[in-house]
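Oh and the sequence shown: position 16 is 15 in numbering that gives the first Met the number 0, straight run, nothing missing. In this text, a Cβ means the ideal position worked out from N, Cα and C, and glycines have one as well. Since the structure is predicted, the reported quantities are computational estimates derived from the model, not experimental observations. Heads up: the structure comes next, in structure tokens.
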Amino acid sequence: MSDDAVSALVARIYDALSGILDPEIGGNIVDLGLIYEVTVDTDGVVAIAMTTTSRGCPAAGFLRDAVEASVVGVDGVSRVAVELVYEPRWTPDRIRASALTVVSRH
0 MSDDAVSALV
10 ARIYDALSGI
20 LDPEIGGNIV
30 DLGLIYEVTV
40 DTDGVVAIAM
50 TTTSRGCPAA
60 GFLRDAVEAS
70 VVGVDGVSRV
80 AVELVYEPRW
90 TPDRIRASAL
100 TVVSRH
């Protein structure tokens, strides 16, 4: 897979991830800043580092599973590994400005 193809695949992955809503806050996990890193190798193997709004988040397993299920369905992805990380710690500063209206309602 060429560099351009990898870049296009990363964009499709972020589009898929944008469809996953945090069940507590209601915003999508990309705009909330819960996705820390997405890497793709030339074979379509995807590694995602993500977090939750708190270490004890009851939705952590649901979100991790939703990320995996969403990304594995993206054309060009051969395998996906999702890692929940808590460093750096998530803060509201990671929320995109476009999502602040959703968050302020909760």
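When DSSP builds the beta bridges, which residues end up paired with residue i?
i: R78; result: V44
i: M49; result: I34 and L83
Figure out for me which residue from the options has the closest Cα to the Cα of residue i.
i: T50; options: L62, L33 and R78; result: L33
i: S42; options: Y85, Y13, P22 and D74; result: Residue identity check: residue 42 is Asp in the sequence provided, not Ser. The shortest C-alpha separation from D42 is found at D74.
i: R54; options: T90, S97, I12 and Y13; result: T90
i: Y85; options: D30, D14, T52 and P57; result: T52
i: P22; options: R93, I94 and A65; result: A65
i: A4; options: V44, I94, L20 and A48; result: V44
Quick check on residue i: does DSSP put it in helix, strand or coil?
i: E86; result: coil
i: E36; result: strand
i: L31; result: coil
i: H105; result: Here the model assigns H105 a pLDDT of 49, short of 50, so the residue's position is not dependable and the matter cannot be decided.
Return the Cβ separation of residue i and residue j in integer angstroms, given the expectation that the two are a contact with Cβ distance under 8 Å.
i: R63; j: V37; result: With a Cβ gap of about 14 Å, R63 and V37 do not count as contacting.
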